[in-house]
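Trainee: Chains A and B, in that order, are what the protein sequence lines are. Per our numbering, residue 1 is the first one in the first sequence, and the count goes up by one each step. Per our numbering, residue 1 is the first one in the second sequence, and the count goes up by one each step.
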Amino acid sequence: MADYSGAVIVGAVETPYTRHPEEGTTTETLLADAFVRALESTGIERGDVDGLGVASFTHTPDRAIDLAWKLGLRPRWLMDDGNGGASGIQLLQHAVRAIQADDASTVVLLSGDHFDRESFRRLVDEYNRTTAEYLAGIPTGGPNVLFAMLTAQQMAKHGLERDDYGRLVVAQRAWAGLNPLAVYRAPLTLQEYLEAPVVAAPLHRLDCVPVVSGADALVVAAEGEGVRIRALRALHNHDGQEGDGLTTGIAELSGPLWQDAGAGPEDMDVVSVYDDYPAMALAQLADLGFAPDGDLPGFLRRRIEEERLPVNTSGGQLSAGQAGCAGGMHGLVEAVTQLLGRAGERQVEDARLAVVTGYGMVLYRYGACANAVVLDAAA
Amino acid sequence: MSLSVFVCAACGRAVFPRRFLCPDCGGGEWREEPVDHGVLEAAAEREVRVGAVRTPLGPLAIARVESDAAQGAEVELDQDGDVPVAR
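(1) At a cut of 8 Å, does the segment 182-189 of chain A reach the segment 289-302 of chain A through at least three beta carbon pairs?
(2) Where does the unbroken alpha helix (DSSP H) through A/Met155 begin, and where does it stop?
(3) Quick one: give me the first and last residue of the beta strand (DSSP E) that A/His94 is part of.
(4) So if I threshold CB-CB distances at 7 Å, which residues from the segment 121-140 of chain A count as touching chain B?
(5) Please return the same chain residues whose Cβ sits closer than 6 Å to the Cβ of A/Val356, not counting the five positions on each side in sequence.
(6) Determine the direct distance from the alpha carbon of A/Asp376 to that of A/Tyr366, and round the result to whole angstroms.
(7) May I ask which residues mark the beginning and end of the alpha helix (DSSP H) holding A/Gly255?
(8) Report buried or exposed for A/His204, applying the criterion of at least 16 other Cβ atoms within 10 angstroms of its Cβ.
(9) Could you tell me how far apart the beta carbons of A/Thr58 and A/Asp113 are, in whole angstroms, since I believe they sit closer than 8 Å?
(10) How close, in whole Å, do the beta carbons of A/Asp50 and A/Arg19 come, if the pair is a contact with beta carbons under 8 Å?
(11) Would you say the segment 228-240 of chain A touches the segment 134-144 of chain A, given that touching needs at least three Cβ pairs under 8 Å?
(12) Is there contact between the segment 303-314 of chain A and the segment 37-57 of chain A, where contact requires at least three CB pairs shorter than 8 Å?
(13) Anything in chain A within Cβ reach of B/Gly81, meaning under 8 Å, just list it in chain order.
(14) CB-CB under 6 Å to B/Arg18, same chain, minus the five flanking residues each way: which ones, in chain order?
(15) Give the single residue among B/Leu60, B/Arg64 and B/Glu74 whose Cα lies nearest to the Cα of A/Gly240.
(16) Does the Cβ-Cβ distance between A/Val209 and A/Asp116 come in under 8 Å?
(17) When we look at the beta-carbon of B/Met1 and count the other beta-carbons within 10 Å, is it buried (16 or more) or exposed?
(18) Along the chain, where does the alpha helix (DSSP H) that runs through A/Glu192 open and close?
(19) Would you kindly report the start and end of the unbroken beta strand (DSSP E) that includes A/Thr106?
(20) Using a threshold of 8 Å, state whether the C-beta atoms of A/Leu235 and A/Gly245 are closer than that.
(21) For the alpha helix (DSSP H) that contains A/Phe35, what are its first and last residues?
(22) Can you tell me whether A/Asn144 is buried or exposed? The criterion is at least 16 other CB atoms within 10 Å of its CB, across all chains shown.
(23) Could you tell me the alpha carbon to alpha carbon distance between A/Ala136 and A/Glu126, rounded to whole angstroms?
(24) Is the beta carbon of A/Gly328 sitting closer than 8 Å to the one on A/Ser111?
(25) Please list, in chain order, the chain A residues whose beta carbon lies closer than 8 Å to that of B/Val5.
(26) With a Cβ-Cβ cutoff of 8 Å, do A/Ala174 and A/Ala182 count as a contact?
(27) I'd like the list of long-range same chain contacts for A/Gly6, defined as Cβ closer than 6 Å, with 5 residues on each side in sequence excluded.
(28) Using a Cβ-Cβ cut-off of 8 Å, state whether B/Arg31 counts as contacting chain A.
(29) Who are the near neighbours of A/Asp267 in its chain, counting only those whose CB is closer than 6 Å to its CB and skipping five residues on each side?
(30) Assuming A/Tyr193 and A/Gly159 are in contact, meaning their beta carbons sit under 8 Å apart, how far apart are those beta carbons, in whole angstroms?
(31) List the residues of chain A whose Cβ lies closer than 7 Å to the Cβ of B/Arg64, in chain order.
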């Protein structure tokens, strides 16, 4: 069923992301902070919250129920999800169904992670069993080297140069300059992007998301003023990790998504694509149909650099930071914030429709999870 | 000196790394098939040189590359524990 009516996103918040969190900060303090901020921003009473969903890599060994207990909740609906860059839309998908079925009426969705050097290293080396068994021993040292190969292949396939990716990174940094919550806000020139230290050629430092600690929250309710879901589609493990990695599951789901939404890429006022790397942000934009002629360098020049298409208006993860699983909710929080007209200096005028993608879970070569949602500000 | 890829006993489909069920026929029995060479389709360097090597049976293996083989070159395949090694 493609019907996502009967539920409204009434709130979206983010804790300030930080590179170096205060002493005493843990994953659960960040998640609890996001919960409190979500209640404050919506005016919803704690006692009215009857659903809780949590996405995190580092919350373990605790589960959503531990948090429910410590927050003093008595949920009728409870869910854990750890599917990284897809977890935000994944939680939303299930929360709407829970509300439609009256399993819950007011759901808070939380995602967040706290990292120090050791916990990040562990996440990278033990991301999944396949990584631990087949990649950590190489050592690949994390996903950068995998996405360096994918980026080089995308460059060869589409005639892209580093400058082209730089146009997206520089544009996102300009948006970040207007977002007080972004970790990196200083203006960035294309020259500075090109001259950043190499990480794994062709990836340089500004192609790789900065790891931060932080949390995000969404509030979904049966009633209220807010943002509605016109369409939501997911497709995971679309090619068994046996494709070229440059086409995501979004390519297959975008046709039905736009059909359900009764709208197309040209109708979107705000776009959030999962930007772990510029190459993958670009792949998702292409999969959504934003470059129908297939000219990706031309798309970056015209639509991103010249026309300032509102893509990742928070600055995206590349400038705002990637707080683990919260990266999977970050783009949703930004799109909802824009559609609620609460984006401050970076507010996109008359923002009515937004598309948000989720992408992630690198099983062996590239992300296996993909989902997307079209949001509508209509009252 | 070789790398083991996994071939479905029922339909002959090869995979790497191993899966539980064959993506094509759903079979759950595998035999190990040694492959001693492949083609370096992509490479990048971080702590060590890493490559994506296309094996003759089809699957692509992410390998430690212990040579300066160029992209597109044929490489020898070996295995260090579970870890594929290309030279």
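C-beta: ideal position from N, C-alpha, C; glycine also.
Mentor: Straight from the coordinates:
(1) no
(2) For the purposes of this step, residue 155 of chain A is identified with residue 155 of the first sequence, where counting begins at 1. Here the alpha helix (DSSP H) through A/Met155 covers Asn144 to His158.
(3) Within the first sequence, numbered from 1, the residue matching residue 94 of chain A stands at position 94. No beta strand (DSSP E) contains A/His94, which is instead part of the alpha helix (DSSP H) from Ser87 to Gln100.
(4) Thr130, Glu133, Tyr134, Leu135, Gly137, Ile138, Pro139 and Thr140
(5) As a working note, residue 356 of chain A is residue 356 in the first sequence. Counting only Cβ-Cβ distances below 6 Å, and skipping sequence neighbours, we find Ser272, Gly331, Leu332, Ala335 and Val373.
(6) Numbered from its first residue, the first sequence carries residue 366 of chain A at position 366. Numbered from its first residue, the first sequence carries residue 376 of chain A at position 376. For A/Tyr366 and A/Asp376, the distance between alpha carbons rounds to 31 Å.
(7) Walking along the first sequence from the start, residue 255 of chain A turns up at place 255. Ile250 to Ala261 is the span of the alpha helix (DSSP H), which, as asked, contains A/Gly255.
(8) Along the first sequence, one-based indexing puts residue 204 of chain A at 204. Answer is buried; the Cβ neighbour count reaches 16.
(9) Stepping through the first sequence from its first residue, residue 58 of chain A is reached at position 58. Stepping through the first sequence from its first residue, residue 113 of chain A is reached at position 113. Going by Cβ atoms, the distance from A/Thr58 to A/Asp113 rounds to 5 Å, so yes, they are a contact pair.
(10) The count along the first sequence starts at 1 and reaches residue 50 of chain A at position 50. The count along the first sequence starts at 1 and reaches residue 19 of chain A at position 19. Not really, about 36 Å apart at Cβ, beyond 8 Å.
(11) no
(12) no
(13) To locate residue 81 of chain B, count along the second sequence from 1; it is residue 81. Chain A residues near B/Gly81: Gly137.
(14) Here residue 18 of chain B refers to the residue found at position 18 when the second sequence is read from its first residue. The answer, listed in chain order, is Phe6.
(15) The residue labelled residue 240 of chain A in the question sits at position 240 within the first sequence. Nearest option by C-alpha distance: B/Leu60.
(16) Residue 209 of chain A sits at position 209 when you count from the first residue of the first sequence. Residue 116 of chain A sits at position 116 when you count from the first residue of the first sequence. Their beta carbons are not under 8 Å apart, which means A/Val209 does not touch A/Asp116 by this criterion.
(17) Taking the first residue of the second sequence as position 1, residue 1 of chain B is located at position 1. So B/Met1 ends up on the exposed side.
(18) Here the question's residue 192 of chain A lines up with position 192 in the first sequence. That run of the alpha helix (DSSP H) goes Leu190 to Glu195.
(19) For this step, residue 106 of chain A is matched to residue 106 along the first sequence. Note, A/Thr106: beta strand (DSSP E), Thr106 to Asp113.
(20) By 1-based counting over the first sequence, the position of residue 235 of chain A is 235. By 1-based counting over the first sequence, the position of residue 245 of chain A is 245. No; because the gap between Cβ atoms is not below 8 Å, this pair is not in contact.
(21) The residue labelled residue 35 of chain A in the question sits at position 35 within the first sequence. That run of the alpha helix (DSSP H) goes Thr27 to Thr42.
(22) Reading the first sequence from its first residue, position 144 is the one you call residue 144 of chain A. Buried is the call here.
(23) Counted from its first residue, the first sequence places residue 136 of chain A at position 136. Counted from its first residue, the first sequence places residue 126 of chain A at position 126. Approximately 8 Å between the Cα atoms of the pair.
(24) Here residue 328 of chain A is taken as the residue at index 328 of the first sequence, counted from 1. Here residue 111 of chain A is taken as the residue at index 111 of the first sequence, counted from 1. Yes.
(25) Numbered from its first residue, the second sequence carries residue 5 of chain B at position 5. Chain A residues near B/Val5: none, gap ~12 Å exceeds 8 Å.
(26) Counting from one through the first sequence, the residue named residue 174 of chain A turns up at place 174. Counting from one through the first sequence, the residue named residue 182 of chain A turns up at place 182. It is not a contact, given that the beta carbons lie outside the stated cut-off.
(27) Looking up residue 6 of chain A in the first sequence gives position 6. Answer for A/Gly6: Gln100, listed in chain order.
(28) The residue labelled residue 31 of chain B in the question sits at position 31 within the second sequence. For B/Arg31, the answer is no, since every Cβ of chain A falls outside 8 Å of its Cβ.
(29) Sequence index remark: in the first sequence, residue 267 of chain A carries index 267 (1-based). So the list reads Leu353, once near-sequence residues are dropped.
(30) Numbered from its first residue, the first sequence carries residue 193 of chain A at position 193. Numbered from its first residue, the first sequence carries residue 159 of chain A at position 159. Incorrect: roughly 19 Å between the Cβ atoms, too far for contact.
(31) Working through the second sequence from its first residue, we reach residue 64 of chain B at position 64. Correct list: Ile138.
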